[in-house]
Each structure stands twice: as C-alpha cells, then as structure tokens.
Amino acid sequence: FYHCKTLLDRGCDVLFVPALVSLSRTNYCCPKMMGLPDMIKAGLNLEPEQLISPVIDVKENPRWERSWVEAAYNLGVKDRSLALGAVKRGWMAWAAAQSAMARHEIAVPRMIQDSFNEADKTSSGRKWPVTGLMGHAYVLYDVFGAGVLDMVSSFGKAITPEMVPEEAALAEVKTIFEGEKLWAFEAHILGASFYLLRNHLVDRIIFVSSFSCGPASIIEDYIEDEAERQGIPFLGLVVDEHTGHLGLLTRIETFMDATAGVSMPGALVSQVASGQKLSVLHGLHTQSLGAPSSGPVKVQPFTDTGVSRMDGSRPLRTDADAGSGKLASARPPVAWARGPENSSRPGILTMGNLHIPLRSLFHECGVDVLTPPELSDRLVALGRELAPEFICYPMVALLGQCRELCRAGASRIAMVMGKGRCRLGWYAQVMENLLRRAGYDVEVVGFDSPFPWRERGSVFLRQAQKIMGKPAAGAVIRGASLALSKLLLLEQAEEMLRELRAYEIPRGTGDRLYTGFLRDLDAASSIGACTSAFGRFRRACMEVPTTGEPAVTVSIVGEIYVLNESFVNKDIERVLGSLEERVRVKRDLTVMSWLKRHILAVPSSILRETRVKRAAAPYLGLCVGGHGLESVGESVLAARSRVDGVIHLLPFTCMPEVVAQSILVRVAEDLDVPILSLVLSEQTGAVGLKTRLEAFVDLLWGRKRSSSKCAGRYPVSFGNQLPGRTGE
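Using this note's numbering, you'd call the opening residue of the sequence shown number 864 and step up by one each time.
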C-alpha cells in the first residue's frame, strides 16, 4: 500500500498490479496475492481506470494470458501477438532467473544488481557454520526484514530458498501428503528447508515470517518438526512494521552464540580437512560437484532425541498441569495421551449443531462415534497450547476438541476439509502432526468433497472406511436421508428463532423453546420424528406474544465456522436479539446452504451464488478462498435490499476474510451502509464485544430515526406473525 501511495503521490497516473492466482496446475498462490489489486483499489479509493491488473491463473483459467493482452492494449500496445510474445518472454526470463540464482547460489538482491555476472559465485569456499535462512523474498529483502541476510551472513554462510533448485524443492515437498498442493511460494520454501535439513547441508536454520502470515503458520510447523527430527537448531522470527533492528539483531546473535558449538555434518568433515572445495549446496549442482545428489534422505521415525529449541526441549503442558500454568520440560509419553477404554471408537469434529445430524448418520451406519463437548475456554486453551502462533482461530478450537476426543479414547478423528486457497485443507495434517509430537497416538482423517466422483470418489470411500468401515448401502442411504432432514429442519428453526427474538415478549422465550427443539431433534430416530419435533417447536413459537415495535435489520456475513459456532462468536445472534433496541438478524451462510450449493447442486443455490459473485465483482473480481468473496457479495446485496447495517465476522489472521475486510470499507462508503467488522480470537471478551454491538445498534437506530425510515416500513399490527403463519 505504501509503495502504491508513494507512486501516486509522485504523479503516477496508472498502477500496474497483477493478481497472482496460480503458477502451476497443482496449487494456488496466497489469497492475499489474489486479492491485492482489489485491496489496493479499495484502500486508495482508485477508479477502475487507475489500476491495470492482469491475472496469472495457470490452474483454473487456461485463457489467463488474454488479461495480459487487454492490459497491453490499455497501455497502448495494439498488437496482440506482440503482447503474447512479451508475456512468454517474461515467463522465460523469470524461470531463467530462478535457475541462475540456484545454479550460482546467489540471493535475490545480488540477482538484481548490475554488478552480477555469470562467472561470479558466492561460495568459493565453504564457511562454517552454515545457516539456512528461510522466508519470503518480500520479507527477507524488503524494509521489514532488511538487514537480516547481512546479520546472518556475518556469522557464516547463509543459504536462502532461491539457492535451492526448484526441482529439488518440489521433490522434497512431495514427501508430505499432497504437498504439491501447497501454496506456490510456500511450497518452494518448505521444500528447500526439507532439502537442506534432510541432507544436513546446514548447521542451523532460521525461518523469518511476517506478522500473521497465514501460509507461514502452516509451513513453520513442518520446518520446525523436521529440524527437530534431524537434531538441527531452529529459530522462528516474526517481523512487522514495529520490529526494531536492534532487537532483531540481539535475537539472531543470541541464537548464533547458543548454536556456535554445533559441528559440521560428519560426512563433510573429511572433505574440508583434505582441502577440497565444496559448493555451498553440497551435491545439488553438477557444475559444482559432478553428480547430483541421489534424492531425499530417508527420515527415520520421530524420536525424543531431536531438539528444536535452544535449550534442547520443547515445552508442553501435561494433563496434570493443564490448569496450573506449569510447563513440562519435554514431551509426555504416548501412553499418557491415549484413553484406556474404547480405543477403537472414532471421533468427529463439528461446529455449531452439526453434531446432531452427523451423530444420526453414523448411528444408522452402525458406528458409535465420539463427539466433543461444547466448546469452552478450557478446550480452546488446550488447543492454544499446541497450535502455531498465527494459525486461525477455528483450528485452535478444533485442536482443543481433538485433544478432548483423544482423552476419551478416539484413535481416529474425522473432519471435513478440502485443499484450496485457504488453510482449512491443511488442518487435518497439521493437527495430526502436532498431536503426535505431543504424544497422542491418533490419526486425523480429512474428508474432501467426493465430486467429481471419477476423480475423488475412490479417495473419499477410502477415508470413509477408516471411520465407518463398510456399512450396507441401505444403511448409508437411511443415515444420509435422516442427517439431511435434520440439517434442513435446523436451518428452518434457526430462521424462525431469529424472527422471534426480534419481537418476542418476554425476551428469551424463543431461546428456551429452541433448546428443547434441539434436544428432541437429537433424540429423533426417523424423519417422521424429526418433522413432529419441528412441528411442536413451530406451534410453540407461534403462541409466543410479540410486539408491534419496529426493529433494525442487521445482516451477518463472514467465515462459515465463526458464523455457525456460537461459542466462537460469543453467541452474537442471541446477544443482538436480547438488546433493549429490537434487532432482526439475517444470515444466509449455513451448513445446509453450503451443502445445497457444493454437494447437492440445488439450482436455487447455484443461482444465489451467481448473484453474489456478480454483486461482488465491482469490488472483488476473483475468488480468494474461504468465504471472502461471499462476504463482499452478501454485503452488497444486503445494502441493495436496504438492510440497516452489516456485521462482518472473521477469525484473527483469516486470509480470505482479511481481503474482504479491507474491501468492505469501500463498500460501506459507496453504498452508504454501516459495516462493523469484528475480528474474533481466543482473546475476544464477551463483554467488550457486547459493548461494540450496543454502540453499533445505537448508530443504526440513530440513522433510522433521522431518516424517518420507521414510518411505513414496519407494520404496527405485526402481532405474532412468523414465517409460514398467515396471521389473523
């Protein structure tokens, strides 16, 4: 943003900011890279003609080059073949630069210096000790991380990600399940780290990331784990605009001093003693050492002998110390974490009331599953003890539930996921790795969409068998039908509850009725019983006295987990419905609405998604993963439908929603609709959140009264009408 603002202040008329969606057919780039042009346009209040933003999308858009032809046309180049030729030459130049940096073992700053020549090598001899310096180029070499490379190099040779050939890094990252689907730049960083660690080409490794970087929170765990396996010291550094140069230097100096006694990899000591000259990346390049390395070193199963902390331990809380604040000096044994009974029972991770239909599905299939208790501060604390520092809040909560399920005896835990643009697809693998490192003997089984069936059906069935075995087809159909019925009725009951909360007398009656309905629905063993339970709930709601007072209408948008998990959002819908000023809450994103669109392909849901995308297009033209695009589109549609305000909920560090949050500021200005973005984490307090909601609702009522919207908009004779009731 600062770079663009500076260019505009200097008189620049047009900014050229490409959108990086994917650089290969197997993975994506970071959601923030996808949404960067739209964020800049919204943040700097640019007109469309002030921004030229071609797209690179190798994975999903085979015609992505056309956007570059259009960009060239806007810049005055009318020859299509000339523009396409320039794109191809640029791509080749980028690939050549990558190859040159790896072949000559130079970092990015050297590559862009005029003084560089092909004959110059940065490593005429190997200096000990050698440090792997991993991180994004825009962190290591830009203003926030400026000087880190020089600091590290002053203690010996530093190896950065671009010094590792792309093919070597890719081969290494493929050693983890679906590693080729990792984000493009992070895949190379992780693969380079694996190569250096597994081949013992470094004596210590430092990973530098920017504050709240989403992909970094995933790969950092893998790097730290591999360093621990190989017995190589690891240091994680986080930088942002508040990072002090001296503080950073002090941390690096301390780490270097603490690891100064680390010896060279034994296989190379004799070569150094004999005076042989070595390339920094031993065995990587035929130009340096003849034959390349034979491939990744096979890693032995994890043992307790590896270390990643400077003190040689990995502090973890034991079960006994969970509430005392004490730290254990080492990992607890596996026997501590495993439940003594029912060790073969699988567990499932849920959100909101999803456990009700899921439990029915598994019960019909003859599987007695374990479900975690309702989320609480205790469970979240259990998750935070193991979670990476900047991982998003949903994974912290789910990790706490995993630990509780492990204690109850679960050996396998099922969760819904799907590798794409956001981090959700990596939850299962990362959580399993964290749990195993903490001593839990458990497998986290991820369920992706089975469609298209030809491509994904077999994988889905294999995963399902791990949890359900091989139930009869009839049992699966009965279970799925019962689960879908419960989901549909839950969605309808929730909508009735939102309506009732806005007008009920006395307050809280609807919530009591809804609690009873959930209990009855959970106990229902047939579709008929489910329908009867819903009928009783509906009739009870219609008998509740209601007021004819008007209410402000608030639409809630955001990430699906925080929208549907009441503990995480501090029961925001109930709080809004209980305020002194009446509030009618609207929310479109539910579990059932997601299933209707992505699994059942219901035409009305597909049409709704199309409308949302079209509404978002002027502000966010690309899907950035998660529900970022939906948050923008739903907010636009809400403003057009004349709601009084929008509340945007997002987990701390959520990449797609961070993109949406910055763009919603422009949406609020253009459409004159108040939008309140609430960032949720384990540090969010219910009282503070309620105070913000009260102030926001007061603002909405002030706007409503000042514009005289009350007159004629709400029927004074509202009575006790509810959805589906004809009235009197």
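All C-beta atoms, glycine included, are put in the ideal place defined by N, C-alpha and C.
Run through the segment 906-970 for me and flag every whole alpha helix (DSSP H) of 4 or more residues, listed as ranges in chain order. You should have 928-937 and 943-966.
Any contact of the segment 906-913 with the segment 944-959, i.e. 3+ C-beta pairs under 8 Å? By the criterion of at least three beta-carbon pairs nearer than 8 Å, the segment 906-913 is not in contact with the segment 944-959.
By a C-beta neighbour count over all protein chains shown, 10 Å radius and 16 as the cutoff for buried, is Arg1090 buried or exposed? Locating residue 1090 in the sequence shown gives position 227, counting from the first residue. The sequence given here has Ala at residue 1090, not Arg. It counts as buried.
Does the separation of the CB atoms of Thr1230 and Pro1209 fall below 8 Å? Taking the sequence shown and counting its residues from 1, one reaches residue 1230 at position 367. Taking the sequence shown and counting its residues from 1, one reaches residue 1209 at position 346. The sequence shown places Val at residue 1230, not Thr. Yes, they are a contact pair.
How many angstroms separate the CA atom of Asn1062 from the CA atom of Leu1485? If you number the sequence shown from 1, residue 1062 lands on position 199. If you number the sequence shown from 1, residue 1485 lands on position 622. Each residue's alpha carbon lies about 40 Å from the other.
Taking contact to mean 3 or more Cβ pairs, one atom from each stretch, closer than 8 Å, check whether the segment 1438-1455 and the segment 1497-1514 are in contact. Contact between the segment 1438-1455 and the segment 1497-1514 is present, because at least three Cβ pairs lie under 8 Å.
Could you name each continuous beta strand (DSSP E) segment of 3 residues or more that falls completely within the segment 1389-1443, going from the start of the chain to the end? Within the segment 1389-1443, the beta strand (DSSP E) runs of at least 3 residues that lie entirely inside it are, in chain order, 1415-1421.
Anticipated Cβ contact below 8 Å, Glu1035 with Phe1057, distance rounded: By 1-based counting over the sequence shown, the position of residue 1035 is 172. By 1-based counting over the sequence shown, the position of residue 1057 is 194. Going by Cβ atoms, the distance from Glu1035 to Phe1057 rounds to 4 Å, so yes, they are a contact pair.
For Gly1010, which residues from the same chain have a beta carbon less than 7 Å from its beta carbon, with the 5 sequence-adjacent residues on both sides left out? Here residue 1010 refers to the residue found at position 147 when the sequence shown is read from its first residue. Taken in chain order, the residues that qualify are His1108.
Residues sharing a beta bridge with Val1307, DSSP: Reading the sequence shown from its first residue, position 444 is the one you call residue 1307. Ile1276, per the DSSP bridge assignment.
Could you check if Lys955 is buried or exposed, using at least 16 other CB atoms within 10 Å of its CB as the buried criterion? For the purposes of this step, residue 955 is taken as residue 92 along the sequence shown, with counting starting at 1. One point to set straight first is that residue 955 is Met, not Lys, in the sequence displayed. Exposed: under 16 other Cβ atoms inside 10 Å.
Proximity of Val1101 and Ser1080 at Cβ, strictly below 8 Å: Position 238 of the sequence shown, counting from 1, holds the residue named residue 1101. Position 217 of the sequence shown, counting from 1, holds the residue named residue 1080. Not closer than 8 Å, so no.
Compare the Cα-Cα distances from Leu1426 to each of Gly1019, Leu1512 and Gly1337 and report the closest residue. Here residue 1426 is taken as the residue at index 563 of the sequence shown, counted from 1. The alpha carbon of Leu1426 has as its nearest neighbour, out of Gly1019, Leu1512 and Gly1337, the alpha carbon of Leu1512.
Whole angstroms is fine: what's the gap from Leu1033's alpha carbon to Gly1288's? On the sequence shown, position 170 is the one that residue 1033 refers to. On the sequence shown, position 425 is the one that residue 1288 refers to. Computed Cα separation, rounded: 19 Å.
Taking 8 Å as the cut-off, decide whether the C-beta atoms of Ala1047 and Cys892 are in contact. As a first step, residue 1047 must be located in the sequence shown, where it is residue number 184. As a first step, residue 892 must be located in the sequence shown, where it is residue number 29. Against a cut-off of 8 Å, the Cβ pair of Cys892 and Ala1047 comes out as a contact.
Would you call the CB atoms of Val1305 and Ile1276 closer than 8 Å? Locating residue 1305 in the sequence shown gives position 442, counting from the first residue. Locating residue 1276 in the sequence shown gives position 413, counting from the first residue. Remark: C-beta atoms of Val1305 and Ile1276 approach each other more closely than 8 Å.
Taking C-beta to C-beta, are Val1259 and Glu1545 nearer than 8 Å? Numbered from 1 along the sequence shown, position 396 holds the residue referred to as residue 1259. Numbered from 1 along the sequence shown, position 682 holds the residue referred to as residue 1545. Between Val1259 and Glu1545, the CB-CB gap stays under 8 Å.
Buried versus exposed, by CB contacts within 10 Å (16 or more), Leu1221: Indexing the sequence shown from 1 puts residue 1221 at position 358. Per the 10 Å Cβ criterion, buried.
Leu871 versus Leu1347 - alpha carbon distance: Here the question's residue 871 lines up with position 8 in the sequence shown. Here the question's residue 1347 lines up with position 484 in the sequence shown. About 54 Å.
Between the segment 1431-1445 and the segment 1392-1405, do at least 3 Cβ pairs fall closer than 8 Å? No: fewer than three Cβ pairs fall under 8 Å.
The beta strand (DSSP E) enclosing Ala882, as first and last residue numbers: Position 19 of the sequence shown, counted from the start, is the residue given in the question as residue 882. Start and end: Ala882 to Ser885.
Quick check: Val918 and Pro881, are their CB atoms within less than 8 Å of each other? Within the sequence shown, residue 918 is the residue found at index 55, counting from 1. Within the sequence shown, residue 881 is the residue found at index 18, counting from 1. Cβ atoms of Val918 and Pro881: closer than 8 Å.
So what does DSSP say about Val1560, is it helix, strand or coil? One-based indexing of the sequence shown puts residue 1560 at position 697. In the three-state DSSP reduction, Val1560 falls in the helix class (H, G or I).
Going by alpha carbons, who is nearest to Gly1094 out of Phe1074, Leu1059, Gly1110 and Asp1434? Working through the sequence shown from its first residue, we reach residue 1094 at position 231. Taking only the C-alpha atoms, the option nearest Gly1094 is Leu1059.
Enclosing beta strand (DSSP E) for His1511 [first to last residue]: Indexing the sequence shown from 1 puts residue 1511 at position 648. Here the beta strand (DSSP E) through His1511 covers Gly1508 to Pro1514.
Own chain partners of Val1232 with C-beta closer than 6 Å, once the 5 adjacent residues on each side are dropped: Within the sequence shown, numbered from 1, the residue matching residue 1232 stands at position 369. Taken in chain order, the residues that qualify are Pro1209, Ile1211 and Phe1225.
Between the Cα of Leu1556 and those of Leu1242, Arg973, Ile1419 and Arg1067, spot the shortest distance and give me the residue it belongs to. Here residue 1556 corresponds to residue number 693 of the sequence shown, with the count starting at 1. With distances taken between Cα atoms, Leu1556 lies closest to Ile1419.
Other residues of its chain near Lys1553: CB distance less than 6 Å, five sequence neighbours each side excluded: To locate residue 1553, count along the sequence shown from 1; it is residue 690. Counting only residues of its own chain and dropping the five nearest sequence neighbours on each side, Lys1553 has a CB closer than 6 Å to the CB of Val1438.
Could you pull the DSSP bridge partners for Thr994 from this structure? In the sequence shown, counting from the first residue as 1, residue 994 sits at position 131. Under DSSP, Thr994 takes part in a beta bridge, and its partners are Ala1021 and Arg1067.
Measure from the alpha carbon of Glu1422 to the alpha carbon of each residue in His1461, Leu1384 and Gly1491, then state which is nearest. In the sequence shown, residue 1422 corresponds to position 559, counting from 1. Among His1461, Leu1384 and Gly1491, the Cα nearest to that of Glu1422 is on Gly1491.
Within 10 Å of its beta-carbon, does Ser1312 have 16 or more other beta-carbons around it, so buried, or fewer, so exposed? Here residue 1312 refers to the residue found at position 449 when the sequence shown is read from its first residue. The residue in question, Ser1312, is exposed, as its Cβ has fewer than 16 Cβ neighbours within 10 Å.
Nearest residue (CA-CA) to Gly1283, options Cys1228, Glu923, Pro1024 and Ala1000: Locating residue 1283 in the sequence shown gives position 420, counting from the first residue. Answer by Cα proximity: Glu923.
Could you work out which residue in Thr1113, Val1487 and Arg966 is closest to Asp920 when comparing CA atoms only? Taking the first residue of the sequence shown as position 1, residue 920 is located at position 57. Ranking Thr1113, Val1487 and Arg966 by Cα distance to Asp920 puts Val1487 first.
Bridge partners for Glu1035 per DSSP, in chain order? Indexing the sequence shown from 1 puts residue 1035 at position 172. The partner list for Glu1035 (beta bridge, DSSP) is empty, contrary to what the question assumes.
Start-to-end residues for the beta strand (DSSP E) that takes in Phe1097: Locating residue 1097 in the sequence shown gives position 234, counting from the first residue. Segment Phe1097 to Val1102, the beta strand (DSSP E) holding Phe1097.
Does DSSP classify Ser834 as helix, strand or coil? With the chain running from 864 to 1591 in the structure shown, residue 834 is simply not present.
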